[in-house]
């Protein structure tokens, strides 16, 4: 490294090849090895501190590289989403992965790609403590710089980047997409326009200061106030979007503006930094730029950035529905029991239709269609009748729990007690809903099987079908648990689909558009049309989620057959009905061991349905809120303590338990 520094000191051009070699010497063998990178940087610091010649050579070399290249694009573009369509950006990044764009070394932005060519360079650069990088800057001793004019070009480039970002952001801040959701931007003046004017004045005064036309310039404080106002406006838009819906285009717009505001703030802090804070700001900006440039082809980052707000609002919409799936009082508890029993009654007939459909000997695609319509229309009927499929609860209630966790972390709750109450209420509600489903699906299916035998003289389930049903219920001899996990994934997806369609209904104003259709006005009349449009507005997501859930369940077996893979689904309510069909079809000759294994299989299927769907839904809900919960063990211990002390509360509501504030607000 010392020999390389000597070569740099003897060099008087601005070629980056020597800097590439120096960074290669600093780079650890494994980019996750931050300790090795830190030792290498500290070794470089030691050499610079010991030799004024070496540090002067490296300092002047770095300044020549910066001063002889166009820099504003690095500050104004790197790390900020381009104004292209989302799918166009996906295609662009995919093409760049195969054939990266040409490098123009006259731009500092492209030079970054040469200096940090490895896709994981950002790990050791961002992983190193800021103090290590600050020590390297101190070791360069910029106070010894003889030619101060070398610093003027970088400052002018930063000012140009500020102007570019300001103009771009002002145009975005006045987009129709934002003013539609938040009309106050036009009515009371846009903070984006005010920020643009302030940045313009700041840049002009700073340039005049550099050219000697002024002796001072206004500080950045007013600009920072306007940046805070812009962020407040974005926050209001996000809140309003919860009631008006959100699109990928709106999400992309909000992300771009947020990124531009952060970059403007960072550049202002750099220009106005004091001797004590300048190195801190430079290090943070350096890490930010290297990470962004290093991951500019990353599809994972693209999806993560642009789906976060969309996922939040979708899971929130599912969460609003989920509030109706949590009971606290005995009245709500028994209401959920009746609702679950109603669903069990309908599922008994759906299971009958499924068994009959298997006797039609249909082609694979025709069978998938028939099975899917049976499931879809049946689940939609369950919703229209205000009944409850127990296994759909986890995907809905997970968002509600995630919101409570977020509140606890933000200090909105005094302790974990309220969160533990919610978890107990959710468990109890799921228990009674499952009990209601199974309690009526089993006798309903049993009665259907007997009536079928009495009216037709033959069993609904033939001996071969009985053997198949019993085999499919066994968690030992079949893939029942694996198939139940697949159903759990579909339950989770149906919750997301419900939230997505609820969001689309709000964003596209479906109820209002329905009421404006002359054809529907003539067909239904204004009063019926109003009720119909209001129903669609309140239930489109649930209906769509149930419809697609049925398609997923009905087509999975056919997909497995076509692919030659053991793919299928198992659902607890249907499995309990199939058990009744098998029991009657065997003339009650099933061995006790087979009955016990089948009942254990039904329970295992239900538990798998719940765990998979709830885990996935909770993971997405927490991720969408950027929540990393570190109190799982205290929460689990508190819930376990409650179970030991009062286990009945997990299955039976206390007589004097009041409704939660959320439920009170919901009722109002």
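Numbering (the numbering used here), first residue to last: 1455 to 2122.
All C-beta atoms, glycine included, are put in the ideal place defined by N, C-alpha and C.
Residue i and residue j closer than 8 Å at C-beta
i, j, result
"residue 1938", "residue 2059", "yes"
"residue 1586", "residue 1474", "no"
"residue 1954", "residue 1994", "no"
"residue 1829", "residue 2004", "yes"
"residue 1517", "residue 1463", "no"
"residue 1735", "residue 1727", "yes"
"residue 2039", "residue 1914", "yes"
"residue 1888", "residue 1844", "yes"
"residue 2036", "residue 1920", "yes"
"residue 1840", "residue 1793", "yes"
"residue 2107", "residue 1783", "yes"
"residue 1881", "residue 2068", "no"
"residue 1619", "residue 1718", "yes"
"residue 1874", "residue 2092", "yes"
"residue 1788", "residue 1896", "no"
Residue i to residue j span [Cα, whole Å]
i, j, result
"residue 2027", "residue 1798", "7 Å"
"residue 1424", "residue 1709", "For the chain, the structure presents residues 1455 to 2122; residue 1424 sits outside this window and is missing."
"residue 1469", "residue 1515", "9 Å"
"residue 2095", "residue 1877", "13 Å"
"residue 1911", "residue 1900", "16 Å"
"residue 2129", "residue 1635", "The structure shown does not extend to residue 2129, since the chain is modelled only from 1455 to 2122, so the question has no answer here."
"residue 2125", "residue 1564", "Given a span of 1455 to 2122 for the chain in the structure shown, any question on residue 2125 remains unanswerable."
"residue 1499", "residue 1961", "56 Å"
"residue 1663", "residue 1672", "10 Å"
"residue 1610", "residue 1964", "51 Å"
"residue 1599", "residue 1755", "40 Å"
"residue 1721", "residue 1523", "18 Å"
"residue 1512", "residue 1656", "33 Å"
"residue 1703", "residue 1967", "21 Å"
"residue 1838", "residue 1879", "25 Å"
"residue 1917", "residue 1927", "16 Å"
"residue 1989", "residue 1945", "23 Å"
"residue 1809", "residue 1749", "53 Å"
"residue 1826", "residue 2070", "24 Å"
"residue 1616", "residue 1478", "32 Å"
"residue 1687", "residue 1739", "25 Å"
"residue 1802", "residue 2053", "17 Å"
Reference residue i; option with closest CA among the options
i, options, result
"residue 1532", "1747, 2024, 1805", "1747"
"residue 1669", "1675, 1660, 2053", "1660"
"residue 1466", "1457, 1497, 1510, 1486", "1510"
"residue 1951", "1904, 1647, 2002, 1794", "2002"
"residue 1592", "1657, 1686, 1691, 1732", "1732"
"residue 1561", "1552, 2092, 2105, 1527", "1527"
"residue 1711", "1987, 1751, 1625, 1907", "1625"
"residue 2011", "1841, 1824, 2033", "1824"
"residue 1485", "1576, 1455, 1530, 1461", "1576"
"residue 1691", "1945, 1667, 1639, 1650", "1639"
"residue 1751", "1559, 1547, 1884, 1786", "1547"
"residue 1999", "1948, 1987, 1974", "1948"
"residue 1923", "2031, 1580, 1505", "2031"
"residue 2029", "1780, 2061, 1605", "2061"
"residue 1806", "1904, 1716, 1729, 1789", "1904"
"residue 1713", "1698, 1534, 1529", "1534"
"residue 2109", "2073, 1781, 1819", "1781"
"residue 1942", "1972, 2025, 1643", "2025"
Where the alpha helix (DSSP H) through residue i begins and ends
i, result
"residue 1507", "1506–1521"
"residue 1959", "1934–1961"
"residue 1595", "That residue, residue 1595, is in no alpha helix (DSSP H); it is neither H nor E in DSSP."
"residue 1578", "1575–1581"
"residue 2043", "It is not in any alpha helix (DSSP H) - residue 2043 carries neither H nor E in the DSSP assignment."
"residue 1808", "1784–1812"
"residue 1840", "Segment: none, residue 1840 is in no alpha helix (DSSP H) and carries neither H nor E."
"residue 1667", "Neither: residue 1667 is in no alpha helix (DSSP H) and is coded neither H nor E."
"residue 1911", "No alpha helix (DSSP H) contains residue 1911, which DSSP labels as neither H nor E."
"residue 1612", "1606–1627"
"residue 1925", "1917–1927"
"residue 1633", "1630–1635"
"residue 1475", "1471–1480"
"residue 2032", "2026–2039"
Neighbour flag for residue i against chain C, beta carbons, 8 Å
i, result
"residue 2101", "Judged by its chain identifiers, the structure shown contains no chain C, having just a single protein chain."
Say whether the stretch 2029–2049 touches the stretch 1982–1996, bearing in mind that this needs 3 or more beta-carbon pairs closer than 8 Å, one atom from each stretch. no
With three or more C-beta pairs closer than 8 Å as the rule, is the stretch 1679–1691 touching the stretch 1921–1939? no
Can we say the stretch 1615–1631 touches the stretch 1539–1555, given the rule of at least three CB pairs closer than 8 Å? no
Any 3 or more C-beta pairs closer than 8 Å across the stretch 1821–1835 and the stretch 1923–1934: no
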